[in-house]
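Participant: Residue numbers (the numbering used here): 994 to 1238.
Before I ask anything, let me first share the structure, which is written out below as structure tokens.
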Ligand code: SAH
């Protein structure tokens, strides 16, 4: 039986039993349906994980006794930030979940000229996206959770401190390169993926000023979430931790 992994937003140490908050307690007792004595892995996204078991379940309260700590991290040596255009809820969730599984470090939601979804309640959405990333880490075994940054306009995005900036543009064969032509070995890469309406001319000009390299992902037009997975995979395979095949 696979042991469940639980993310908690609190500090952890072996000396103190973990008291889950009501959301997490509900998840453990009603969604996972775990019982007293069940083994669990607990992590808080700050690196490493704790093995433990459920000591007590009473009504809305779950207490976990931690038994040992393992300094286990599955981070890529490559720091990847995805600049992800705001898209419809399910597609955005999917892109964040898959980018997390593929080991990105941070996700920067981008409000683009062609963004067609409402941009209200972005703070609430940000909390939801962070939960999507947390759950993806519970599932995929990562103990480092990608940071979801507050949304910005594409043209206000500060990413000049990254070694390499890539932007996915379908017409990029005219102005872009493929990854095999890039000779540098970056340790930090930014990847920008546009909305369903694509990046505007102003945004493409801004990207050129910021020395983004335009990347083409083949002859078909991919949805934003597919392009996110495709380019993250290519980048991890070339410079990150997807290279063992
Ligand atoms: N009609 C839009 C298509 C947008 S697809 C246009 O012509 O630009 C959504 C986003 O996915 C794009 O902005 C781009 O970042 C990425 N994308 C989709 N297919 C791509 C391809 N073949 N090459 C490069 N990027 C692609």
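Yeah, the Cβ is synthetic: ideal placement off N, Cα and C, and Gly gets one too.
Here the structure is a predicted model, which means the values were calculated and not measured.
Taking DSSP as the reference, what is the three-state secondary structure of residue 1042?
Facilitator: In the structure shown, residue 1042 sits in a strand (DSSP, three-state: E or B).
Participant: Just curious, the beta strand (DSSP E) that residue 1183 is in, first and last residue?
Facilitator: Start and end: 1181-1186.
Participant: Straight-line CA distance for residue 1235 to residue 1177?
Facilitator: If you take the alpha carbons of residue 1235 and residue 1177, they lie about 18 Å apart.
Participant: Please report the Cβ distance between residue 1041 and residue 1136, rounded to the nearest whole angstrom; I am assuming they are in contact, meaning their Cβ atoms lie under 8 Å.
Facilitator: At roughly 6 Å, the Cβ-Cβ gap stays under 8 Å, so residue 1041 and residue 1136 are in contact.
Participant: Output the distance between the C-alpha atoms of residue 1141 and residue 1197, rounded to the nearest integer angstrom.
Facilitator: For residue 1141 and residue 1197, the distance between alpha carbons rounds to 24 Å.
Participant: Would you call the region 1044-1057 and the region 1113-1127 in contact, with 3 or more CB pairs under 8 Å?
Facilitator: The region 1044-1057 vs the region 1113-1127: no contact.
Participant: Establish whether the CB of residue 1209 and some CB of chain B are separated by less than 8 Å.
Facilitator: Judged by its chain identifiers, the structure shown contains no chain B, having just a single protein chain.
Participant: Work out the CA separation of residue 1051 and residue 1224 for me, nearest whole Å.
Facilitator: Distance between the alpha carbons of residue 1224 and residue 1051 is about 46 Å.
Participant: Going by the CB atoms, is the gap between residue 1221 and residue 1175 shorter than 8 Å?
Facilitator: Contact: no.
Participant: Under the rule that 16 or more other beta-carbon atoms within 10 Å means buried, what is residue 1022, buried or exposed?
Facilitator: That one is buried.
Participant: Would you kindly work out how many angstroms separate the C-alpha atoms of residue 1101 and residue 1015, rounded to a whole number?
Facilitator: Cα to Cα, the separation comes out at about 29 Å.
Participant: What are the boundary residues of the alpha helix (DSSP H) that includes residue 995?
Facilitator: Here residue 995 belongs to no alpha helix (DSSP H), and DSSP marks it neither H nor E.
Participant: Please go through the same chain and pick out, in chain order, the residues whose beta-carbon is closer than 8 Å to the beta-carbon of residue 1079, but skip the five residues on each side of it.
Facilitator: The answer, listed in chain order, is 1085, 1102, 1103, 1104, 1105, 1108, 1110, 1112, 1144 and 1188.
Participant: How many Å lie between residue 1073 and residue 1003 at the Cα?
Facilitator: C-alpha separation (whole angstroms): 25 Å.
Participant: Excluding sequence positions up to five away, which residues of its chain have a Cβ less than 7 Å from the Cβ of residue 1030?
Facilitator: The residues are 1046 and 1047.
Participant: Does at least one heavy atom of the ligand SAH sit under 7 Å from the Cβ of residue 1217?
Facilitator: Under cutoff, so the answer is yes.
Participant: Please work out which residues of its chain come closer than 6 Å, Cβ to Cβ, to residue 1185, disregarding the five sequence neighbours upstream and downstream, and give them in chain order.
Facilitator: The residues are 1076 and 1160.
Participant: Who are the near neighbours of residue 1008 in its chain, counting only those whose CB is closer than 6 Å to its CB and skipping five residues on each side?
Facilitator: Here the set comprises nothing.
Participant: What residue range does the beta strand (DSSP E) around residue 1108 cover?
Facilitator: No beta strand (DSSP E) contains residue 1108, which DSSP labels as neither H nor E.
Participant: Regarding residue 1199 and the ligand SAH, is the C-beta to nearest heavy atom distance less than 7 Å?
Facilitator: No, the ligand SAH has no heavy atom inside 7 Å of this Cβ.
Participant: Should residue 1095 and residue 1229 be called a contact, given that it needs their Cβ atoms to be closer than 8 Å?
Facilitator: Yes, Cβ-Cβ distance for residue 1095 and residue 1229 is below 8 Å.
Participant: Quick check on the DSSP output: the alpha helix (DSSP H) that includes residue 1224 runs from which residue to which?
Facilitator: 1217-1232 is the extent of the alpha helix (DSSP H) around residue 1224.
Participant: Once DSSP output is grouped into helix, strand and coil, what is the label at residue 1097?
Facilitator: Residue 1097: coil per DSSP, three-state reduction.
Participant: Which one of 1203, 1139 and 1114 has the shortest CA to CA distance from residue 1155?
Facilitator: The residue with the shortest Cα to Cα distance from residue 1155 is 1203.
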